[in-house]
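Going from the sequence shown to this note's numbering is simple: count from 1 and add 78.
All remarks here apply to the structure that follows.
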Amino acid sequence: MLMSMDTHLLRTFVAVLEHRSFSRAASALGYTQSAVSQHIAALEADLGARLLERRPVAPTPAGTRLMEHAPALLLRLDAARADIARLPDARPARLTLACSPAALTPAVAQALAQLHTATRLLDAEVRLLARESVLEDVLTARADLGLVDGVAAPSDPLPLPDLGPTTTRAAAEQPLAVLFPAGHPLARRRSVRLTDLTQARWIDAPDTAVPLDRLRAVCRTDGFRPRIRHRGTDLHGLASLTAADLGLTALPLPLAATFPGITAVPVEEPRLVHRTELIHTAHPTATAQQLADLIPRHGEAAS
79 MLMSMDTHLL RTFVAVLEHR SFSRAASALG YTQSAVSQHI AALEADLGAR
129 LLERRPVAPT PAGTRLMEHA PALLLRLDAA RADIARLPDA RPARLTLACS
179 PAALTPAVAQ ALAQLHTATR LLDAEVRLLA RESVLEDVLT ARADLGLVDG
229 VAAPSDPLPL PDLGPTTTRA AAEQPLAVLF PAGHPLARRR SVRLTDLTQA
279 RWIDAPDTAV PLDRLRAVCR TDGFRPRIRH RGTDLHGLAS LTAADLGLTA
329 LPLPLAATFP GITAVPVEEP RLVHRTELIH TAHPTATAQQ LADLIPRHGE
379 AAS
(Lines of atoms letter the chains of each structure in order from A and count residues from 1; the text may use other names and numbers.)
(Lines give C-alpha, C1' and ligand atoms only; values in the text may rest on other atoms or scores of the structure.)
Protein backbone atom coordinates (compact mmCIF):
# COMPACT_ATOMS: atom_id res chain seq x y z
CA MET A 1 0.00 0.00 0.00
CA LEU A 2 1.47 3.35 -1.05
CA MET A 3 0.69 5.17 2.22
CA SER A 4 2.86 2.69 4.18
CA MET A 5 5.81 3.00 1.83
CA ASP A 6 9.16 3.79 3.48
CA THR A 7 10.41 7.02 1.96
CA HIS A 8 14.04 5.87 2.35
CA LEU A 9 13.25 2.95 0.05
CA LEU A 10 11.57 5.28 -2.43
CA ARG A 11 14.58 7.63 -2.47
CA THR A 12 16.85 4.66 -3.15
CA PHE A 13 14.61 3.55 -6.02
CA VAL A 14 14.74 7.02 -7.59
CA ALA A 15 18.53 7.19 -7.18
CA VAL A 16 19.05 3.81 -8.86
CA LEU A 17 17.01 4.88 -11.88
CA GLU A 18 18.64 8.32 -12.05
CA HIS A 19 22.14 6.76 -12.02
CA ARG A 20 21.13 3.59 -13.92
CA SER A 21 23.41 1.71 -11.53
CA PHE A 22 23.15 0.14 -8.09
CA SER A 23 26.78 0.93 -7.30
CA ARG A 24 26.61 4.58 -8.39
CA ALA A 25 23.34 5.05 -6.47
CA ALA A 26 25.02 3.56 -3.38
CA SER A 27 27.91 6.00 -3.71
CA ALA A 28 25.58 8.98 -4.13
CA LEU A 29 23.45 8.01 -1.12
CA GLY A 30 26.31 6.95 1.15
CA TYR A 31 25.11 3.33 1.35
CA THR A 32 26.75 0.05 0.48
CA GLN A 33 25.68 -1.63 -2.73
CA SER A 34 24.24 -4.47 -0.63
CA ALA A 35 22.07 -1.99 1.29
CA VAL A 36 20.75 -0.52 -1.96
CA SER A 37 19.85 -4.01 -3.21
CA GLN A 38 18.06 -4.70 0.07
CA HIS A 39 16.13 -1.43 -0.19
CA ILE A 40 14.92 -2.26 -3.69
CA ALA A 41 13.96 -5.79 -2.67
CA ALA A 42 12.02 -4.45 0.34
CA LEU A 43 10.21 -1.91 -1.83
CA GLU A 44 9.28 -4.57 -4.37
CA ALA A 45 7.98 -6.79 -1.56
CA ASP A 46 5.96 -3.90 -0.13
CA LEU A 47 4.32 -3.12 -3.46
CA GLY A 48 4.05 -6.73 -4.61
CA ALA A 49 5.62 -6.00 -7.98
CA ARG A 50 9.04 -6.23 -9.61
CA LEU A 51 10.22 -2.65 -10.19
CA LEU A 52 13.66 -2.96 -11.76
CA GLU A 53 15.46 -5.10 -14.28
CA ARG A 54 18.96 -5.68 -12.95
CA ARG A 55 21.11 -6.25 -16.06
CA PRO A 56 21.06 -3.65 -17.44
CA VAL A 57 19.32 -1.50 -14.84
CA ALA A 58 15.97 -0.38 -16.25
CA PRO A 59 12.44 0.07 -14.93
CA THR A 60 9.79 -2.58 -15.42
CA PRO A 61 6.29 -1.36 -16.37
CA ALA A 62 5.50 -1.16 -12.65
CA GLY A 63 8.73 0.73 -12.03
CA THR A 64 7.92 3.18 -14.80
CA ARG A 65 4.52 3.84 -13.25
CA LEU A 66 6.04 4.35 -9.78
CA MET A 67 8.64 6.76 -11.20
CA GLU A 68 5.81 8.95 -12.52
CA HIS A 69 4.77 9.56 -8.89
CA ALA A 70 7.98 9.26 -6.87
CA PRO A 71 9.72 12.66 -7.44
CA ALA A 72 6.54 14.62 -6.65
CA LEU A 73 5.84 12.48 -3.57
CA LEU A 74 9.35 13.03 -2.20
CA LEU A 75 9.21 16.75 -2.90
CA ARG A 76 5.87 17.06 -1.06
CA LEU A 77 7.37 15.26 1.95
CA ASP A 78 10.41 17.56 1.94
CA ALA A 79 8.08 20.56 1.68
CA ALA A 80 6.05 19.34 4.68
CA ARG A 81 9.20 18.91 6.79
CA ALA A 82 10.41 22.38 5.80
CA ASP A 83 7.03 23.94 6.60
CA ILE A 84 7.04 22.42 10.08
CA ALA A 85 10.65 23.48 10.64
CA ARG A 86 9.63 27.11 10.08
CA LEU A 87 7.46 27.06 13.24
CA PRO A 88 8.06 28.92 15.41
CA ASP A 89 10.01 31.52 13.47
CA ALA A 90 12.59 32.47 16.08
CA ARG A 91 15.59 32.65 13.75
CA PRO A 92 17.70 35.79 13.33
CA ALA A 93 16.77 38.00 10.40
CA ARG A 94 18.09 36.05 7.41
CA LEU A 95 16.73 35.72 3.92
CA THR A 96 17.32 33.59 0.84
CA LEU A 97 15.69 34.68 -2.42
CA ALA A 98 15.63 32.28 -5.39
CA CYS A 99 15.11 33.81 -8.83
CA SER A 100 15.06 32.62 -12.38
CA PRO A 101 17.52 34.91 -14.21
CA ALA A 102 15.08 37.20 -16.03
CA ALA A 103 12.99 37.59 -12.85
CA LEU A 104 15.73 39.49 -11.00
CA THR A 105 14.70 43.00 -12.04
CA PRO A 106 15.74 46.45 -10.78
CA ALA A 107 12.47 46.61 -8.82
CA VAL A 108 13.43 43.44 -6.93
CA ALA A 109 16.91 44.81 -6.21
CA GLN A 110 15.34 48.03 -4.93
CA ALA A 111 13.03 46.05 -2.64
CA LEU A 112 16.03 44.21 -1.19
CA ALA A 113 17.78 47.54 -0.58
CA GLN A 114 14.68 48.85 1.21
CA LEU A 115 14.55 45.71 3.36
CA HIS A 116 18.16 46.22 4.42
CA THR A 117 17.40 49.81 5.36
CA ALA A 118 14.21 49.00 7.26
CA THR A 119 15.42 45.91 9.17
CA ARG A 120 18.48 44.53 10.85
CA LEU A 121 18.95 41.89 8.17
CA LEU A 122 21.98 39.85 9.22
CA ASP A 123 22.37 37.78 6.09
CA ALA A 124 20.83 37.83 2.63
CA GLU A 125 21.46 35.49 -0.29
CA VAL A 126 20.18 35.70 -3.86
CA ARG A 127 20.30 32.53 -5.95
CA LEU A 128 19.89 32.46 -9.73
CA LEU A 129 18.37 29.11 -10.64
CA ALA A 130 16.51 27.35 -13.40
CA ARG A 131 12.75 27.92 -13.14
CA GLU A 132 11.94 24.43 -11.87
CA SER A 133 14.59 24.72 -9.15
CA VAL A 134 13.12 27.97 -7.83
CA LEU A 135 9.84 26.30 -6.87
CA GLU A 136 11.65 23.31 -5.34
CA ASP A 137 13.87 25.58 -3.23
CA VAL A 138 10.87 27.49 -1.87
CA LEU A 139 8.96 24.31 -1.04
CA THR A 140 11.91 22.71 0.75
CA ALA A 141 12.95 25.88 2.69
CA ARG A 142 16.23 26.27 0.85
CA ALA A 143 14.76 29.64 -0.15
CA ASP A 144 12.31 31.90 1.69
CA LEU A 145 10.88 33.51 -1.44
CA GLY A 146 10.99 32.75 -5.14
CA LEU A 147 10.58 34.77 -8.31
CA VAL A 148 9.93 32.87 -11.51
CA ASP A 149 9.30 34.18 -15.03
CA GLY A 150 7.65 32.89 -18.17
CA VAL A 151 5.24 33.79 -20.95
CA ALA A 152 1.46 33.87 -20.79
CA ALA A 153 -1.50 35.66 -22.27
CA PRO A 154 -1.99 39.13 -20.74
CA SER A 155 -3.22 38.87 -17.11
CA ASP A 156 -3.08 35.05 -17.17
CA PRO A 157 -1.05 33.27 -14.47
CA LEU A 158 2.00 31.24 -15.37
CA PRO A 159 1.40 27.50 -15.84
CA LEU A 160 3.28 26.38 -12.71
CA PRO A 161 3.08 22.78 -11.42
CA ASP A 162 1.00 22.14 -8.30
CA LEU A 163 3.58 20.64 -5.96
CA GLY A 164 2.57 22.04 -2.61
CA PRO A 165 0.78 24.73 -0.62
CA THR A 166 2.25 27.89 -2.14
CA THR A 167 0.99 31.41 -2.70
CA THR A 168 1.71 33.18 -5.97
CA ARG A 169 1.01 36.65 -7.26
CA ALA A 170 2.01 38.75 -10.23
CA ALA A 171 5.09 40.88 -9.71
CA ALA A 172 5.49 42.20 -13.26
CA GLU A 173 4.21 41.97 -16.82
CA GLN A 174 6.44 43.22 -19.62
CA PRO A 175 6.33 43.09 -23.41
CA LEU A 176 7.96 40.02 -24.94
CA ALA A 177 10.68 40.55 -27.54
CA VAL A 178 12.72 38.45 -29.97
CA LEU A 179 16.46 39.17 -29.96
CA PHE A 180 18.14 39.54 -33.36
CA PRO A 181 21.78 40.23 -34.25
CA ALA A 182 22.12 43.94 -35.05
CA GLY A 183 22.52 43.31 -38.79
CA HIS A 184 19.66 40.83 -39.15
CA PRO A 185 17.10 41.82 -41.84
CA LEU A 186 14.22 41.52 -39.36
CA ALA A 187 15.96 43.72 -36.78
CA ARG A 188 14.56 46.81 -38.56
CA ARG A 189 10.94 45.81 -37.96
CA ARG A 190 8.75 47.48 -35.37
CA SER A 191 7.26 44.12 -34.35
CA VAL A 192 7.32 40.46 -35.33
CA ARG A 193 4.94 37.52 -35.34
CA LEU A 194 6.28 34.37 -33.74
CA THR A 195 4.48 32.25 -36.31
CA ASP A 196 6.69 33.82 -38.99
CA LEU A 197 9.80 32.63 -37.15
CA THR A 198 9.02 28.95 -36.61
CA GLN A 199 11.66 27.88 -39.15
CA ALA A 200 14.32 30.38 -38.04
CA ARG A 201 17.47 29.32 -36.23
CA TRP A 202 16.93 29.45 -32.45
CA ILE A 203 18.99 29.01 -29.29
CA ASP A 204 17.57 26.47 -26.86
CA ALA A 205 18.03 28.20 -23.47
CA PRO A 206 15.31 26.89 -21.11
CA ASP A 207 17.02 28.14 -17.93
CA THR A 208 17.22 31.77 -19.08
CA ALA A 209 15.07 32.61 -22.10
CA VAL A 210 11.54 31.52 -23.01
CA PRO A 211 11.80 27.73 -23.50
CA LEU A 212 11.32 26.64 -27.09
CA ASP A 213 8.78 24.01 -26.09
CA ARG A 214 6.68 26.86 -24.65
CA LEU A 215 6.87 28.71 -27.97
CA ARG A 216 5.82 25.52 -29.78
CA ALA A 217 2.85 25.16 -27.43
CA VAL A 218 1.53 28.71 -27.77
CA CYS A 219 2.05 28.73 -31.55
CA ARG A 220 0.78 25.16 -31.98
CA THR A 221 3.65 24.11 -34.18
CA ASP A 222 6.57 21.70 -34.14
CA GLY A 223 8.97 24.42 -35.30
CA PHE A 224 11.39 26.54 -33.25
CA ARG A 225 14.18 23.99 -33.63
CA PRO A 226 17.49 24.88 -31.93
CA ARG A 227 20.73 25.48 -33.75
CA ILE A 228 22.66 25.57 -30.47
CA ARG A 229 21.87 24.77 -26.84
CA HIS A 230 22.65 27.06 -23.89
CA ARG A 231 22.54 25.71 -20.34
CA GLY A 232 22.92 27.73 -17.16
CA THR A 233 21.81 31.14 -15.92
CA ASP A 234 24.17 33.50 -17.79
CA LEU A 235 21.96 36.01 -19.62
CA HIS A 236 24.90 38.01 -20.97
CA GLY A 237 26.47 34.87 -22.42
CA LEU A 238 23.17 34.00 -24.06
CA ALA A 239 22.97 37.50 -25.57
CA SER A 240 26.53 37.12 -26.89
CA LEU A 241 25.51 33.95 -28.74
CA THR A 242 22.62 35.83 -30.34
CA ALA A 243 24.88 38.76 -31.28
CA ALA A 244 27.19 36.27 -33.01
CA ASP A 245 24.24 35.12 -35.18
CA LEU A 246 24.09 31.66 -33.62
CA GLY A 247 20.33 31.82 -33.15
CA LEU A 248 17.35 33.83 -31.94
CA THR A 249 15.99 33.93 -28.44
CA ALA A 250 13.01 35.51 -26.62
CA LEU A 251 13.28 37.68 -23.50
CA PRO A 252 11.37 40.56 -21.86
CA LEU A 253 11.80 43.74 -23.91
CA PRO A 254 13.28 46.00 -21.15
CA LEU A 255 15.97 43.41 -20.36
CA ALA A 256 16.69 42.54 -24.00
CA ALA A 257 17.25 46.18 -24.87
CA THR A 258 20.22 46.37 -22.47
CA PHE A 259 22.49 43.96 -24.37
CA PRO A 260 25.06 45.27 -26.89
CA GLY A 261 25.22 43.94 -30.44
CA ILE A 262 21.57 42.90 -30.64
CA THR A 263 18.21 44.45 -31.48
CA ALA A 264 15.10 43.56 -29.48
CA VAL A 265 11.88 43.54 -31.53
CA PRO A 266 8.52 43.29 -29.68
CA VAL A 267 6.27 40.30 -30.36
CA GLU A 268 2.98 41.34 -31.95
CA GLU A 269 1.32 37.92 -32.37
CA PRO A 270 0.29 35.83 -30.57
CA ARG A 271 -0.67 38.18 -27.74
CA LEU A 272 1.85 37.25 -25.07
CA VAL A 273 3.56 38.99 -22.18
CA HIS A 274 6.61 38.15 -20.15
CA ARG A 275 5.24 37.59 -16.65
CA THR A 276 7.08 37.37 -13.32
CA GLU A 277 5.40 35.79 -10.30
CA LEU A 278 6.35 35.87 -6.64
CA ILE A 279 6.14 32.53 -4.84
CA HIS A 280 6.17 31.76 -1.13
CA THR A 281 4.73 29.13 1.18
CA ALA A 282 1.47 29.55 3.02
CA HIS A 283 3.42 30.52 6.15
CA PRO A 284 6.43 32.65 5.11
CA THR A 285 8.92 33.92 7.67
CA ALA A 286 8.42 37.47 8.91
CA THR A 287 11.44 38.68 6.93
CA ALA A 288 10.22 36.96 3.78
CA GLN A 289 6.79 38.57 4.18
CA GLN A 290 8.43 41.97 4.56
CA LEU A 291 10.28 41.55 1.29
CA ALA A 292 7.17 40.25 -0.44
CA ASP A 293 5.32 43.39 0.66
CA LEU A 294 8.11 45.58 -0.74
CA ILE A 295 8.16 43.94 -4.18
CA PRO A 296 5.59 45.83 -6.28
CA ARG A 297 2.55 44.04 -7.54
CA HIS A 298 1.87 44.12 -11.26
CA GLY A 299 0.39 47.51 -12.05
CA GLU A 300 1.98 49.23 -9.04
CA ALA A 301 4.95 51.54 -9.33
CA ALA A 302 8.05 50.78 -7.32
CA SER A 303 8.25 53.07 -4.28
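Glycine included, C-beta positions come from ideal geometry on N, C-alpha and C.
Just so we're clear, the structure is a prediction, and the values are computed from it rather than from any experiment.
Nearest to R172 by C-alpha distance, out of L199, L152 and V186, is L199. The three-state reading of DSSP puts P235 in coil, since its state is none of H, G, I, E or B.
It is roughly 44 Å from the alpha-carbon of A181 to the alpha-carbon of R128.
Within the region 324 to 374, the complete beta strand (DSSP E) runs of at least 3 residues fall at 327 to 330, 340 to 347 and 351 to 359. Annotation: the continuous beta strand (DSSP E) that includes F258 extends over T244 to P259.
In the three-state reduction of the DSSP assignment, R132 falls in the coil class, being assigned neither a helical nor a strand state. T276 and L225 have their C-alpha atoms some 29 Å from each other.
Given a length threshold of 3 residues, each whole run of the beta strand (DSSP E) inside the region 282 to 308 is given here in chain order: 304 to 307. Under the DSSP assignment, D312 falls outside any alpha helix (DSSP H); it carries neither an H nor an E label. Counting only unbroken stretches of 4 or more residues, the alpha helix (DSSP H) elements lying wholly within the region 178 to 217 are 184 to 196 and 209 to 217, in sequence order. For P263, DSSP assigns no beta-bridge partner whatsoever. In the DSSP annotation of this structure, A127 is not part of any beta strand (DSSP E), being labelled neither H nor E. In the three-state reduction of the DSSP assignment, D222 falls in the coil class, being assigned neither a helical nor a strand state.
Here H117 is buried, its C-beta having at least 16 other C-beta atoms within 10 Å. With at least 16 other beta carbons inside 10 angstroms of its own, G228 counts as buried. Excluding five sequence positions before and after E203, the CB atoms of its chain that fall closer than 6 Å to its own CB belong to T174, given in chain order.
For T110, the three-state secondary structure derived from DSSP is coil.
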